[in-house]
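A.B. asks: Before I ask anything, let me first share the structure, which is written out below as structure tokens.
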Amino acid sequence: FDIDFGIRHDEVRIGNVLLPPWAENERDFVYKMRLALESEHVSQHLHEWIDLIFGYKQRGDEARRADNLFHYLTYGVPED
1 FDIDFGIRHD EVRIGNVLLP PWAENERDFV YKMRLALESE HVSQHLHEWI DLIFGYKQRG
61 DEARRADNLF HYLTYGVPED
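This is the structure we're talking about:
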């Protein structure tokens, strides 16, 4: 594949990526990731992730309780 992965913060171009040891090759990686993402476990817990990323656990006290706090520069400019 000829995919442009961009440039790192230190100006080094990203050429290749390393697959995790459990993936035999790129097809196996995609296959296993699809199995995981389409699993019953993910289906049962997807709403929790949505609350963390887009919902009420994104900021404030609920974010703190959910251990979902990040450095302030990782947040975009508020739209509201």
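For the sequence shown, counting from 1, position 39 maps to 39 in full-length UniProt numbering; every step adds exactly one. Ideal placement from N, C-alpha and C gives every residue a C-beta, glycine not left out.
1) According to DSSP, is Arg-13 helix, strand or coil?
2) Mind checking which residues open and close the alpha helix (DSSP H) that includes Lys-57?
3) Rounded to whole angstroms, what's the CA-CA distance from Gly-15 to Phe-5? Just pull it up for me.
4) When the Cα atoms are used, what is the spatial distance from Ile-50 to Gln-58?
5) Glu-24 to Glu-40, Cα distance in whole Å?
C.D. replies: This is what the structure holds:
1) Counting from one through the sequence shown, the residue named residue 13 turns up at place 13. Correct three-state label for Arg-13: strand.
2) Within the sequence shown, numbered from 1, the residue matching residue 57 stands at position 57. Lys-57 -> no alpha helix (DSSP H), and no H or E assigned at all.
3) As a working mapping, residue 15 is identified with position 15 in the sequence shown. As a working mapping, residue 5 is identified with position 5 in the sequence shown. Distance between the alpha carbons of Gly-15 and Phe-5 is about 7 Å.
4) Translated into positions along the sequence shown, residue 50 becomes position 50. Translated into positions along the sequence shown, residue 58 becomes position 58. Cα to Cα, Ile-50 sits roughly 9 Å from Gln-58.
5) Reading the sequence shown from its first residue, position 24 is the one you call residue 24. Reading the sequence shown from its first residue, position 40 is the one you call residue 40. Glu-40 has its alpha-carbon roughly 24 Å from the corresponding atom of Glu-24.
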